[in-house]
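Take a look at the structure below.
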Amino acid sequence: MNKSQLIDKIAKDANLSKKDAEAALKATLGAIEGALIENDKVVLVGFGTFKTKKLAARKGRNPSTGDSIKIAASTIPSFKPGKTLKEKVNAKKSKKKK
Numbered sequence: 061m062n063k064s065q066l067i068d069k070i071a072k073d074a075n076l077s078k079k080d081a082e083a084a085l086k087a088t089l090g091a092i093e094g095a096l097i098e099n100d101k102v103v104l105v106g107f108g109t110f111k112t113k114k115l116a117a118r119k120g121r122n123p124s125t126g127d128s129i130k131i132a133a134s135t136i137p138s139f140k141p142g143k144t145l146k147e148k149v150n151a152k153k154s155k156k157k158k
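Going by my numbering, 113 is the number at position 53 of the sequence shown; the sequence numbering is gapless.
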């Protein structure tokens, strides 16, 4: 599912116009992004948690030359699914296998 398909689904399920659904999605993603930039986490009970992770500096290897390179420390966004979401995804997969 891409962004425009997600907007269509939100519009249909919430009985909104596509314009309103797009605005709602942009606001939601912007709020999550803003929280992560401030190093805060966003907890959506049952769905999951968005937070940041710090990666330490490390050595890597350039795959084309084989030379050793230094990779700087960085902070990345991370998502951990909630229990309810995991159960729903696994239940759906179990039904397909039968």
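All C-beta atoms in this analysis are idealised placements derived from N, C-alpha and C, irrespective of residue type, glycine included.
Per DSSP, cross-strand counterpart(s) of residue i
i    : result
F139 : F110
V103 : T109
L115 : S134
S128 : R121
Residue i classed as buried or exposed, judged by whether at least 16 other C-beta atoms fall within 10 angstroms
i   : result
A81 : buried
I67 : buried
CB-CB length for residue i against residue j, believed under 8 Å
i    : j    : result
A101 : T109 : According to the sequence provided, residue 101 is Lys. The question's Ala does not apply to it. With 8 Å as the limit, K101 and T109 qualify as a contact, their Cβ atoms being about 6 Å apart.
I70  : A84  : 7 Å
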